[in-house]
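Novice:
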Amino acid sequence: MIEVVAGIIYKEDKILIAKRKEGKHLAGYWEFPGGKIEAGETPEASLIREIEEELGITIEVHEHMGDSQFDYDEKQILLKGYVAQYLSGEMYLTDHDAVEWVFPSEFKNYVFAPADLPFIKILTYEPPKTQPRRHLI
Ligand SMILES: Nc1nc2c([nH]c(=O)n2[C@@H]2O[C@H](COP(=O)(O)OP(=O)(O)OP(=O)(O)O)[C@@H](O)[C@H]2O)c(=O)[nH]1
1 MIEVVAGIIY KEDKILIAKR KEGKHLAGYW EFPGGKIEAG ETPEASLIRE IEEELGITIE
61 VHEHMGDSQF DYDEKQILLK GYVAQYLSGE MYLTDHDAVE WVFPSEFKNY VFAPADLPFI
121 KILTYEPPKT QPRRHLI
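So that you can map any letter, position 48 of the sequence shown is 48 in UniProt numbering, and since no number is skipped, the others follow by simple counting.
Laid out in C-alpha cells, this is it:
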C-alpha cells in the first residue's frame, strides 16, 4: 500500500485543484495536489515539501480530514487528506497540466481521481433542508 498525502488547500473560500499531467498515472484527472510520503516523514512535512516542489507555493497544514483507500489494480493507495492554507508564493507547474482555485460547488464540473471522491463528498455535503415544524392540535 502506497501512502499518499493530498492537500485540500484553501485560499479564502476556494480550494486548489490540479490536473494530472499527460503520460502519468490517472492523466487528465483532477486531484488535490500532494504526493507520496517518504520513509520517516510525517504527512504534514511531506505535504509541505510536495507542494513546494511541485507548485512552488508555501502552505500551512491544518487538520487531518480523513483517509481514503483505493485499489487501482496496478497499485493500492492510502490517500491521506489534510486541510491546509495557502500562505505565499507565485505558482508554477511541474507535475500538472493545469491548476484552478474553485469553490466546492464547482467540483461537479471536474472529473476527480476515484480515490478523491470521499473528500469531494464531504466538501460538497449540504445538510437536508429541515421541514418547517407543524404542530398537531
Ligand atoms: N497527489 C495525489 N495523488 C493522488 C490523488 N488521488 C490519487 O488517486 N492519487 C494517486 O496517488 C499516487 C501518488 O501520487 P504522486 O503524484 O506522488 O505519484 P506520481 O504518479 O507522480 O508517481 P511518480 O512520482 O512515482 O511518477 C498516484 O498514483 C496518483 O494517481 C490526489 O488527490 N493527489
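Glycine included, each C-beta is placed from N, C-alpha and C at the ideal position.
Can you tell me whether DSSP reads Glu41 as helix, strand or coil?
Specialist: Coil.
Novice: Tell me the DSSP bridge mates of Ser88?
Specialist: Ser88 pairs with Thr58.
Novice: Taking 8 Å as the cut-off, decide whether the C-beta atoms of His64 and Ala84 are in contact.
Specialist: No, Cβ-Cβ distance for His64 and Ala84 is not below 8 Å.
Novice: Would you verify that the beta carbon of Gln69 is, or is not, closer than 8 Å to some beta carbon of chain C?
Specialist: Of the chains in the structure shown, none is chain C; there is only one protein chain.
Novice: Out of Glu100, Lys24, Asp67, state which residue places its alpha-carbon closest to the alpha-carbon of Pro118.
Specialist: Per the Cα distances, Asp67.
Novice: Within the continuous beta strand (DSSP E) that includes Lys36, where are the two ends?
Specialist: Lys36 -> beta strand (DSSP E) spans 34 to 36.
Novice: Say yes only if the C-beta of Asp116 is nearer than 7 Å to one or more non-hydrogen atoms of ligand 1, and no if none qualify.
Specialist: Yes - ligand 1 has a heavy atom lying nearer than 7 Å to the Cβ of Asp116.
Novice: Considering Cα atoms alone, identify which of Glu100, Tyr29, Thr94 is closest to Pro114.
Specialist: Comparing Cα positions, the closest option is Tyr29.
Novice: Flag His96 as yes when its Cβ comes closer than 7 Å to any non-hydrogen atom of ligand 1, and as no otherwise.
Specialist: Every heavy atom of ligand 1 is 7 Å or more from the Cβ of His96, so no.
Novice: Compute the minimum distance between the beta carbon of Glu3 and the heavy atoms of ligand 1, and state whether it is under 7 Å.
Specialist: Glu3 Cβ: outside cutoff for every heavy atom of ligand 1.
Novice: Could you tell me which uninterrupted beta strand (DSSP E) segments, each at least 3 residues in length, are contained entirely in the region 70 to 136, listed from first to last along the chain?
Specialist: Runs found: 76 to 88, 96 to 102.
Novice: My output table needs one value for Glu3: the three-state DSSP class, helix, strand or coil.
Specialist: Glu3: strand per DSSP, three-state reduction.
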